[in-house]
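First comes the structure, then the notes that go with it.
Protein chains: 2
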Amino acid sequence: MTSSDKPGNAADAPAETTSVAARDWATAAADPQYRAAVVDLLGALAYGELAAFERLAEDAKLAPTLADKAELAKMASAEFHHFERLRDRLAEIGEEPTAAMEPFVAAYDGFHRQTDPSDWLEGLVKAYVGDSIASDFYREVAARLDSGTRELVLAVLDDTGHAGFAVEKVRAAIDADPRVGGRLALWARRLMGEALSQSQRVVADRDALSTMLVGGVADGFDLAEVGRMFSRITEAHTKRMAALGLAA
Amino acid sequence: MTSSDKPGNAADAPAETTSVAARDWATAAADPQYRAAVVDLLGALAYGELAAFERLAEDAKLAPTLADKAELAKMASAEFHHFERLRDRLAEIGEEPTAAMEPFVAAYDGFHRQTDPSDWLEGLVKAYVGDSIASDFYREVAARLDSGTRELVLAVLDDTGHAGFAVEKVRAAIDADPRVGGRLALWARRLMGEALSQSQRVVADRDALSTMLVGGVADGFDLAEVGRMFSRITEAHTKRMAALGLAA
């Protein structure tokens with residue numbers, strides 16, 4: 001038997017680096033570093049959803065009509081249900097959800113504090129941008145997860161996209177007054193800049209999560225790949241903004 | 001054929017006044033005054049739920065821990081789903097939900113403006129009091145409605161009671177510092193006073209709804225019965241507050 005015949009051989013790097021996606025949670029989590037990375041990921045996503053709930057609910061107050069208010073409230077409520085699923089998953093794998101979320105509170109709160117919408121349109125653009133970036137990130141990360149975690153992430157992803165109503169409203173506002181487009185384009189750029197800045201802070205602070213992202217765990221990205229992921233998300237954002245009439 | 005043999009004879013008052021609860025919506029709504037009253041009721045409940053969602057989400061910011069924040073967010077989300085059911089019902093019976101809600105915006109917004117909690121405990125007491133009064137009112141009104149509307153009101157009612165967690169927290173705070181009890185007792189009294197004041201404003205403003213409540217529509221209350229309903233709700237509130245250690 002040659003070494004290439006041995007299944008699961010640690011020296012068998014190529015096979016190893018494509019295996020996490022094929023494993024279930026119990027098998028994958030036997031690696032304490034992978035487990036810690038997933039706990040970080042679930043904690044970060046959970047607090048992100050809870051913070052999004054809170055901010056969307058607050059931004060709903062800026063709505064010019066009851067129907068608009070109800071739309072933003074609906075999005076907020078959807079985020080809350082995502083939070084519940086992620087929190088329940090943390091509990092299911094024996095983690096204290098609050099402890100898993102705590103490390104990410106400062107980054108999200110910082111993001112929201114720096115991007116407090118000053119009017120309804122800024123709130124709509126923020127809802128749309130936030131929802132879209134979250135979807136992109138969920139989709140990017142899903143492929144690198146064990147089957148159980150991936151299923152959850154995809155289920156939450158499948159339920160995003162509530163911000164579509166925002167597009168129509170923002171378009172109408174720009175049609176009515178093209179100067180609005182310039183202001184909102186700057187706003188969208190600021191949102192993305194702040195999101196990247198906070199993400200980098202998280203990557204710098206959280207060893208397990210970053211290690212997974214930069215390839216220290218089987219199936220993770222290498223550092224260049226992390227950069228490419230941020231690029232893809234930024235490009236998708238730029239395209240969406242242009243389609244919305246917000247060429248920055 | 002004598003007049004007493006004629007079914008549906010307008011002179012046949014006793015039979016007429018016990019019949020709404022036995023009718024389905026289509027039959028009951030043939031009476032335009034009953035229909036208008038139910039549209040008012042659904043509009044009032046729907047906006048009440050939407051306003052409650054918004055305020056609970058805002059009060060969640062006062063939470064001392066992430067777990068507390070999640071509990072209040074859960075309540076807010078439940079209120080939003082009540083709103084959805086009530087709004088969908090309005091649409092189903094061919095009414096514009098926004099138009100049905102508009103007449104009640106001032107009363108609810110006035111209530112919330114007058115009862116902005118200054119801290120987490122006041123927010124908890126408000127959540128508990130609001131949830132309990134809403135349950136009591138839904139239960140009182142359900143028996144006077146046609147079968148379709150009653151079913152909806154009972155379904156929404158069945159899903160209330162999310163505020164139970166508040167009781168434990170408030171009790172613990174009073175145990176730790178009995179002076180807190182005095183302050184919160186005054187607060188609870190103010191909440192009830194403001195709720196009654198806004199309710200009376202609504203009763204005075206909305207003919208169709210009030211007429212149903214005071215007995216102008218078959219199966220409605222008489223004026224004394226409306227007074228007794230407010231009394232029962234106030235008494236239940238007072239008992240709950242005493243049980244909570246808030247004897248005002």
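These protein sequence lines are chains C and W, in that order. So for the first sequence, full-length UniProt numbering puts the first residue at 1; every next one is plus one. So for the second sequence, full-length UniProt numbering puts the first residue at 1; every next one is plus one. Every residue gets a Cβ at the ideal spot worked out from N, C-alpha and C, and that includes glycine.
Using a Cβ-Cβ cut-off of less than 8 Å, list which residues of the stretch 54-72 of chain C approach chain W; keep chain order. E54, A57, E58, A60, K61, T65, L66, A67, K69 and A70
First and last residue of the alpha helix (DSSP H) that includes C/S118? Here the question's residue 118 of chain C lines up with position 118 in the first sequence. Unbroken run through C/S118: none, as it is neither H nor E.
Is there at least one Cβ from chain C nearer than 8 Å to W/M75's Cβ? In the second sequence, counting from the first residue as 1, residue 75 of chain W sits at position 75. It does not; no Cβ of chain C falls within 8 Å.
Name, please, each residue of chain W whose Cβ falls closer than 8 Å to the Cβ of C/H81. Along the first sequence, one-based indexing puts residue 81 of chain C at 81. Correct list: S77.
Where W/L42 sits in the DSSP three-state scheme: For the purposes of this step, residue 42 of chain W is taken as residue 42 along the second sequence, with counting starting at 1. W/L42: helix per DSSP, three-state reduction.
Ranges of the alpha helix (DSSP H) found wholly within the stretch 160-214 of chain W, counting only runs of at least 4: 164-176, 179-205 and 207-213
With distances taken from CA atoms, which of C/M229, C/E79, C/D175 and C/R206 is nearest C/V38? On the first sequence, residue 38 of chain C is found 38 positions in, with the first residue counted as 1. Nearest option by C-alpha distance: C/R206.
Is the distance from the Cβ of W/A44 to the Cβ of W/R35 below 8 Å? Here the question's residue 44 of chain W lines up with position 44 in the second sequence. Here the question's residue 35 of chain W lines up with position 35 in the second sequence. Their beta carbons are not under 8 Å apart, which means W/A44 does not touch W/R35 by this criterion.
Grab the span of the alpha helix (DSSP H) containing C/G245 for me, first residue to last. Position 245 of the first sequence, counted from the first residue, corresponds to residue 245 of chain C. Here C/G245 belongs to no alpha helix (DSSP H), and DSSP marks it neither H nor E.
Residues in the stretch 99-111 of chain C having any Cβ partner in chain W nearer than 8 Å: M101, E102 and V105
Chain-order list of residues whose beta-carbon lies under 8 Å from that of W/L196 (same chain, five-residue window excluded): Within the second sequence, numbered from 1, the residue matching residue 196 of chain W stands at position 196. Excluding sequence neighbours, W/L196 sits near F230 and T234.
Cβ-based neighbour list, C/D159, same chain, cut-off 8 Å, excluding 5 preceding and 5 following: Locating residue 159 of chain C in the first sequence gives position 159, where the first residue counts as 1. Closer than 8 Å at the Cβ level, and outside the excluded window around C/D159, lie A78, H81 and H82.
Since W/V156 is in the alpha helix (DSSP H), which residue starts that stretch and which ends it? For the purposes of this step, residue 156 of chain W is taken as residue 156 along the second sequence, with counting starting at 1. Residues S147 to D158.
From this set, W/R183, W/A76 and W/A26, which residue's C-alpha is nearest W/E49's C-alpha? For this step, residue 49 of chain W is matched to residue 49 along the second sequence. Among W/R183, W/A76 and W/A26, the Cα nearest to that of W/E49 is on W/A76.
W/D5, buried or exposed, once every other Cβ within 10 Å from all chains shown has been counted against 16: Translated into positions along the second sequence, residue 5 of chain W becomes position 5. With a pLDDT of 42 at W/D5, under the threshold of 50, the modelled position of this residue cannot be trusted; read the value that follows with caution. Exposed.
Any Cβ of chain C within less than 8 Å of the Cβ of W/R87? Indexing the second sequence from 1 puts residue 87 of chain W at position 87. Chain C, which has a Cβ nearer than 8 Å to the Cβ of W/R87, makes this yes.
May I have the straight-line CA-CA distance separating C/R240 from C/Y128, to the nearest angstrom? Translated into the one-based positions of the first sequence, residue 240 of chain C becomes position 240. Translated into the one-based positions of the first sequence, residue 128 of chain C becomes position 128. C/R240 and C/Y128: Cα-Cα distance of roughly 10 Å.
For W/P32, which option in W/A243, W/A142 and W/T211 has the closest C-alpha, if you only look at C-alpha atoms? As a position in the second sequence, residue 32 of chain W is number 32, starting the count at 1. The shortest Cα separation from W/P32 among W/A243, W/A142 and W/T211 belongs to W/T211.
For W/A172 and W/G130, I'd like the C-alpha separation in whole angstroms. Mapped onto the second sequence, residue 172 of chain W falls at position 172. Mapped onto the second sequence, residue 130 of chain W falls at position 130. Taking the straight line from one Cα to the other gives about 20 Å.
In chain A, which residues lie with their C-beta within 8 Å of the C-beta of C/L50? Given the protein chain composition of this structure (C and W), no chain A is represented.
Straight-line CA distance for C/L72 to C/A57? Within the first sequence, residue 72 of chain C is the residue found at index 72, counting from 1. Within the first sequence, residue 57 of chain C is the residue found at index 57, counting from 1. Spanning the two alpha carbons is a distance of roughly 7 Å.
Can you tell me which of the three DSSP states C/R23 falls into? By one-based count along the first sequence, residue 23 of chain C stands at place 23. Note: C/R23 maps to coil in three-state DSSP.
Pairwise C-alpha distance: C/S132 and C/H237: Position 237 of the first sequence, counted from the start, is the residue given in the question as residue 237 of chain C. Position 132 of the first sequence, counted from the start, is the residue given in the question as residue 132 of chain C. Approximately 8 Å, taken between the alpha carbons.
I'd like the list of long-range same chain contacts for C/P97, defined as Cβ closer than 7 Å, with 5 residues on each side in sequence excluded. Reading the first sequence from its first residue, position 97 is the one you call residue 97 of chain C. Here the set comprises A46, R87, L90 and A91.
Please return the same chain residues whose Cβ sits closer than 7 Å to the Cβ of C/W187, not counting the five positions on each side in sequence. Residue mapping note: residue 187 of chain C aligns to position 187 of the first sequence, counting from 1. Here the set comprises E122 and V125.
Roughly how many whole angstroms lie between the Cα atoms of C/V170 and W/G227? The count along the first sequence starts at 1 and reaches residue 170 of chain C at position 170. The count along the second sequence starts at 1 and reaches residue 227 of chain W at position 227. Approximately 49 Å, taken between the alpha carbons.
Kindly indicate the opening and closing residues of the alpha helix (DSSP H) around W/F104. Here the question's residue 104 of chain W lines up with position 104 in the second sequence. No alpha helix (DSSP H) contains W/F104, which DSSP labels as neither H nor E.
Taking the alpha helix (DSSP H) that C/A67 falls in, what are its first and last residues? As a working mapping, residue 67 of chain C is identified with position 67 in the first sequence. Its alpha helix (DSSP H) spans residues L66 to E92.
Using the three-state DSSP reduction, which class does C/A29 fall into: helix, strand or coil? Locating residue 29 of chain C in the first sequence gives position 29, counting from the first residue. Here C/A29 sits in coil by DSSP.
Local conformation of C/E58 per DSSP, three classes: Locating residue 58 of chain C in the first sequence gives position 58, counting from the first residue. Three-state result, C/E58: helix.
Using the Cα positions of W/Q114 and W/F104, report the straight-line distance between them to the nearest angstrom. Looking up residue 114 of chain W in the second sequence gives position 114. Looking up residue 104 of chain W in the second sequence gives position 104. Cα to Cα, the separation comes out at about 16 Å.
Using three-state DSSP, classify W/R113 as helix, strand or coil. Residue numbering aside, residue 113 of chain W sits at position 113 when the second sequence is read from its first letter. Of the three classes helix, strand and coil, the one that applies to W/R113 here is helix, per DSSP.
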